[in-house]
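**Student:** Below is a structure I'd like to ask you about.
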Amino acid sequence: MHQHFKTLGLLALGLLAIPAAWSQTITVDAGKASNSIRPTQALGASVDRLPYGISDQVLAPETVKQVLAAGWQAMTYRQNTELHVEAWHWNPSGAWSDPAGRGYFVGAATPGAEPVQHSYGYPLPRRGVTRDDGTDLIGYSRLTDGDLNSFWKSNPYLSQHFTGEPDALHPQWVVLDLASKQPLTAIRIAWGQPHATRYTVQYWTGDDPIHKPTQGSWQMFPLGDVGAGAGGTDTRRLSREPIAAQWVRVLMSESSNRCEASASHDVRDCLGYAIREISLGTLQEKDGRITQFHDLVRHTPDQDQTATYCSSVDPWHEPSDLDEKAGEQVGFDKFFRSGITRGLPTMISIAMLYNTPEDAVNELRFLEARGYPISYVEMGEEADGHYTPPEDYAALYLQFAKALHQFDPQLKLGGPVFTGQNQDIEVWPDARGDASWTRRFINYLREHGRLDELAFFSFEHYPVDPGKLLWSHLYDEPQWVGHILQVWRDDGVPANVPLFITESNLSSQMSEAYMDIWSGLWLADYAGAFLSAGGDALYFFHALPEAMTRGAHNSMGTFNFFSADANNRIQQPLAQFFASQLVNLEWMQPGDGLHRIYTATSDIQDEAGHQLVSAYPAFRPDGSWSLLIVNKDQENAQSVRIDFQAAAANQHFSGKVSVSTFGRAQYQWHPTADGGHADPDGPIVHSTVNARSDTQFVLPAASITVLRGQLQ
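Heads up: the sequence shown at position 16 corresponds to 180 in the numbering used here, and the numbers run straight through without jumps.
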């Protein structure tokens, strides 16, 4: 074993002679740059919600110092409460809309004497979703909880009063999943206030309208068109004969827009739609009168209830909804004063799906009053994961953008912060048959003359399904990330709108694969491929260390590039730490200097045609050329020549070339039932080579190499 590592170490230094017959070529297209970036703006990391009570530990000065050693530059402050259908009190101080101390909360814009150290989420009591991409094990829907005193209510900011458009252009819906096809003839809706005066009841013809929205269609029940709904508890026949259906949707297009005068003085309480409970089943009648309703819905206040989904949720809440134990959003003062931002402008997120424009404006007022530098403002969190229709997200976006720009016209706003997908985000087709979420969002902004308020387009990148990470996925990553950039452009995102990946890692769920050398190779390949394909900025997830926890297949892992003990103290660097250093400190020249990114090809493939070696050239501000090279061959070193092709003449590295390598020879993870450790655990191997036109550089098996030097 030790002799094996010694040999690979020599290979990394480029000291072994390789027969010419083994030589293969990386060809750099040095004639025209594919991109240009500044590391302080393009290579960042993210700070997200933390488990309760650990922010002091993970933002301690020594921990921050070790985190910054990875080389990531600008930070993005993630918005996580919306992922869990919660309202966010970014400032514990503020005012409630109702004098009784409840309703809609607006954080205080003026900084107080005490710094904001912690902030928390308030689970929304008018929720209509059992589980979605962010609430798999948390909370329940009020539509099928069996409690007529609770209710779901749609977001009032999607009503005509706020959008300025007819409610029919922003129909709200709830969907029930009966788990299997059931014979249905009737529905019972216990309406709250306000109620729908016009709605339809439909069933889905395909398997799954939530995850396969284009593989089926919504068909109205024969008696499912209601044009004069009167509210109350309405038991309604949907068909004369039973129709077998698993998925049922109530699509609401006109509201009563009223509630009892004594109940509220806030117009928002009287806008949209409210439902206390829904039942589906069959009717028994005698002499034209309903004698019995056979309910097929399970009504329980937990996740065993009949699952429901909804288009939006009213952000109304009250102090008793606070759930500190669900985790904390680091307080803004603690975040900015910790040193984690390096003093660089930071991308800040606002809550939007479950918030008010006034609160978002006050958040920015607070930050500017503190003098914290802001680069961008990201609007909301993972709208697609909450099944928010693109037109609804766009309508909210424009309301919040108007309010924010009235406060500060220079703010750079963007979104929609997609969940990590490798393909276009599809939704139920509109009247024109268009199922593209992005295209419809862009079209909405354009048709309203407000496309210029989209300063950047953001999305997340978690390309591999949890628990399904294979070595072969390394071959796919350059195509995945390049493809999705092209998808957004094809959907209409203007060429002058930068594309940001504001969260990224292997998968949305950690696992043992995160600890393997595989993860480091993936990170380097992803960063190089994204920038070479024209991406503008990426942010690694997650910047702060946390104790390892169980993820996919019950294996232990972490999103961070350090392993940490039960008290979140750093134990040792992981593969992605060394990969980060190679990208940020060796490939790139640290600082804000302009780097020109070029493309390269290699002729190194396996028998199945997989590209085994990826290369990403950059011309640095110091006048040197730098190549980030990933050898994805698990077993074999590769010997390569480097050719630079330009219009004038071909060139090559000449003279002193620095070589920095990290791979399986420097790192191996040894898993255990409750964690594991790396041995060896780095460091990066640094050496120099005196290059000529015929120099062959050796890339060790399963490794990342950075070559840097001058051309001749």
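Virtual Cβ for every residue (Gly too), placed ideally from N, Cα, C.
Determine the burial state of D843: buried for a count of at least 16 other Cβ atoms within 10 Å of its Cβ, exposed for fewer.
**Tutor:** In the sequence shown, residue 843 corresponds to position 679, counting from 1. Burial call: exposed.
**Student:** Quick one: measure Cβ to Cβ for G613 and A716, integer angstroms, because I've assumed they're closer than 8 Å.
**Tutor:** Position 449 of the sequence shown holds residue 613. Position 552 of the sequence shown holds residue 716. At roughly 46 Å, the Cβ-Cβ gap does not stay under 8 Å, so G613 and A716 are not in contact.
**Student:** Could you give the distance in angstroms between the alpha-carbon of H282 and the alpha-carbon of E492?
**Tutor:** Start at 1 with the first residue of the sequence shown, and residue 282 comes out as number 118. Start at 1 with the first residue of the sequence shown, and residue 492 comes out as number 328. H282 and E492: Cα-Cα distance of roughly 6 Å.
**Student:** Classify L871 as helix, strand or coil using the three-state DSSP reduction.
**Tutor:** One-based indexing of the sequence shown puts residue 871 at position 707. Strand.
**Student:** Taking the alpha-carbon positions, what's the Q379 to D767 distance?
**Tutor:** Along the sequence shown, read from residue 1 onward, the residue named residue 379 stands at position 215. Along the sequence shown, read from residue 1 onward, the residue named residue 767 stands at position 603. Whole-angstrom Cα-Cα distance: 40 Å.
**Student:** Curious, which full-length alpha helix (DSSP H) runs of at least 4 residues does the stretch 475–559 contain?
**Tutor:** The qualifying runs are 496–501, 521–534.
**Student:** Out of L301, Q336, L460, point me to the one whose CA is closest to C474's CA.
**Tutor:** Residue numbering aside, residue 474 sits at position 310 when the sequence shown is read from its first letter. Considering only alpha carbons, the answer is Q336.
**Student:** DSSP on K229, reduced to helix/strand/coil?
**Tutor:** If you number the sequence shown from 1, residue 229 lands on position 65. Note: K229 maps to helix in three-state DSSP.
**Student:** Name the two residues that bound the continuous beta strand (DSSP E) containing T765.
**Tutor:** Counting from 1 along the sequence shown, the entry for residue 765 is found at position 601. Taken as a continuous stretch (DSSP letters only), the beta strand (DSSP E) holding T765 covers 763–766.
**Student:** In whole angstroms, what separates the C-alpha of G840 from that of H834?
**Tutor:** For the purposes of this step, residue 840 is taken as residue 676 along the sequence shown, with counting starting at 1. For the purposes of this step, residue 834 is taken as residue 670 along the sequence shown, with counting starting at 1. Straight-line Cα distance between these residues: approximately 5 Å.
**Student:** Report yes or no: do three or more beta-carbon pairs, one from the stretch 742–755 and one from the stretch 780–790, lie closer than 8 Å?
**Tutor:** Flag = yes, the stretch 742–755 and the stretch 780–790 touch.
**Student:** Is any heavy atom of the ligand GDP found at a distance shorter than 6 Å from the C-beta of G445?
**Tutor:** In the structure on display, the ligand GDP does not appear, and there are no ligands present to speak of.
**Student:** Would A711 pass as a contact of N732 if the rule is Cβ separation under 7 Å?
**Tutor:** Walking along the sequence shown from the start, residue 711 turns up at place 547. Walking along the sequence shown from the start, residue 732 turns up at place 568. The answer is yes: Cβ separation under 7 Å.
**Student:** Which term fits E611, buried or exposed, when burial requires 16 or more other beta carbons within 10 angstroms of its beta carbon?
**Tutor:** Reading the sequence shown from its first residue, position 447 is the one you call residue 611. Result: exposed.
**Student:** Use the C-beta contact count for W323: other C-beta atoms within 10 angstroms, 16 or more gives buried, fewer gives exposed.
**Tutor:** Walking along the sequence shown from the start, residue 323 turns up at place 159. The sequence given here places Ser at residue 323; Trp does not occur at that position. Label assigned to S323: buried.
**Student:** In chain order, what residues of the same chain have a beta carbon less than 7 Å from the beta carbon of Y304, not counting five sequence neighbours either side?
**Tutor:** Here residue 304 refers to the residue found at position 140 when the sequence shown is read from its first residue. If we look at Y304 and ignore the five residues flanking it on each side, its Cβ neighbours are T294, P465, D466, Q467, Q469.
**Student:** What does DSSP give as the partner residue(s) for F861 in the beta ladder?
**Tutor:** Here residue 861 corresponds to residue number 697 of the sequence shown, with the count starting at 1. Paired residues: V804.
**Student:** Thinking just about the alpha-carbon of each residue, which of V390, T369, A206 is nearest to the one in S381?
**Tutor:** Here residue 381 refers to the residue found at position 217 of the sequence shown. With distances taken between Cα atoms, S381 lies closest to T369.
**Student:** So, with DSSP's three-state summary, where would you put V199?
**Tutor:** Here residue 199 is taken as the residue at index 35 of the sequence shown, counted from 1. Before going on, a small fix: residue 199 reads as Asn here, not Val. Strand, per DSSP.
**Student:** Among D262, Q237, V270, A238, which one has its Cα closest to the Cα of A251?
**Tutor:** Reading the sequence shown from its first residue, position 87 is the one you call residue 251. Taking only the C-alpha atoms, the option nearest A251 is V270.
**Student:** Would you list, in sequence order, the uninterrupted alpha helix (DSSP H) runs of no fewer than 4 residues that lie entirely inside the stretch 752–792?
**Tutor:** Runs of the alpha helix (DSSP H) inside the stretch 752–792: none found.
**Student:** Is V365 buried or exposed, if buried means 16 or more other CB atoms sit within 10 Å of its CB?
**Tutor:** For the purposes of this step, residue 365 is taken as the residue at position 201 of the sequence shown. That one is buried.
**Student:** Which residue spans inside the stretch 661–711 form an unbroken alpha helix (DSSP H) run of at least 4?
**Tutor:** You should have 681–696.
**Student:** Helix, strand or coil for V651, going by three-state DSSP, please let me know.
**Tutor:** Looking up residue 651 in the sequence shown gives position 487. In this structure, V651 counts as helix in the three-state DSSP scheme.
**Student:** Apart from the five residues just before and just after D588, which ones in its own chain have a Cβ nearer than 6 Å to its Cβ?
**Tutor:** For the purposes of this step, residue 588 is identified with residue 424 of the sequence shown, where counting begins at 1. Closer than 6 Å at Cβ, skipping near neighbours: S600, V651.
**Student:** Could you please give the first and the last residue of the uninterrupted beta strand (DSSP E) stretch that includes I606?
**Tutor:** Position 442 of the sequence shown, counted from the start, is the residue given in the question as residue 606. Careful: I606 lies outside any beta strand (DSSP E), inside the alpha helix (DSSP H) at 601–611.
**Student:** Can you check which of these residues, A409, T397, K498, Y284, is closest to K163 by C-alpha distance?
**Tutor:** Absent from the model: residue 163. The displayed extent of the chain is 165 to 876, so no value can be given.
**Student:** Can you give me the C-alpha to C-alpha distance between R432 and D680, rounded to a whole angstrom?
**Tutor:** Reading the sequence shown from its first residue, position 268 is the one you call residue 432. Reading the sequence shown from its first residue, position 516 is the one you call residue 680. About 51 Å.
**Student:** Per the contact definition of three or more C-beta pairs closer than 8 Å, is the stretch 532–545 in contact with the stretch 556–572?
**Tutor:** With the cut-off at 8 Å, the stretch 556–572 and the stretch 532–545 touch.
**Student:** Where DSSP assigns a beta bridge to W254, which residues make up the other side?
**Tutor:** Counting from one through the sequence shown, the residue named residue 254 turns up at place 90. BP columns for W254 are empty, so no partner.
**Student:** Please return the same chain residues whose Cβ sits closer than 8 Å to the Cβ of P373, not counting the five positions on each side in sequence.
**Tutor:** Sequence index remark: in the sequence shown, residue 373 carries index 209 (1-based). For P373, where only same-chain residues beyond five positions count, the Cβ hits under 8 Å are V339, G380, W382, W411, R413, W592.
**Student:** Around the C-beta of S857, are 16 or more other C-beta atoms found within 10 angstroms, so that it is buried, or is it exposed?
**Tutor:** The residue labelled residue 857 in the question sits at position 693 within the sequence shown. So S857 ends up on the exposed side.
**Student:** Measuring CB to CB, does M516 end up less than 7 Å from S539?
**Tutor:** Locating residue 516 in the sequence shown gives position 352, where the first residue counts as 1. Locating residue 539 in the sequence shown gives position 375, where the first residue counts as 1. No, these two residues do not count as a Cβ contact at 7 Å.
**Student:** Could you round the C-beta distance between R506 and L875 to whole angstroms and report it? I think they count as a contact, below 8 Å.
**Tutor:** The residue you call residue 506 lines up with position 342 of the sequence shown. The residue you call residue 875 lines up with position 711 of the sequence shown. R506 to L875, Cβ: 32 Å. No contact.
**Student:** Can you tell me which of the three DSSP states A185 falls into?
**Tutor:** As a working note, residue 185 is residue 21 in the sequence shown. Because A185 carries a pLDDT of 42, less than 50, the predicted location of this residue cannot be relied on, and the following value inherits that uncertainty. Helix at A185.
**Student:** Rounded to whole angstroms, what is the Cα-Cα separation between P275 and L575?
**Tutor:** Counted from its first residue, the sequence shown places residue 275 at position 111. Counted from its first residue, the sequence shown places residue 575 at position 411. When rounded, the distance between both Cα atoms is 20 Å.
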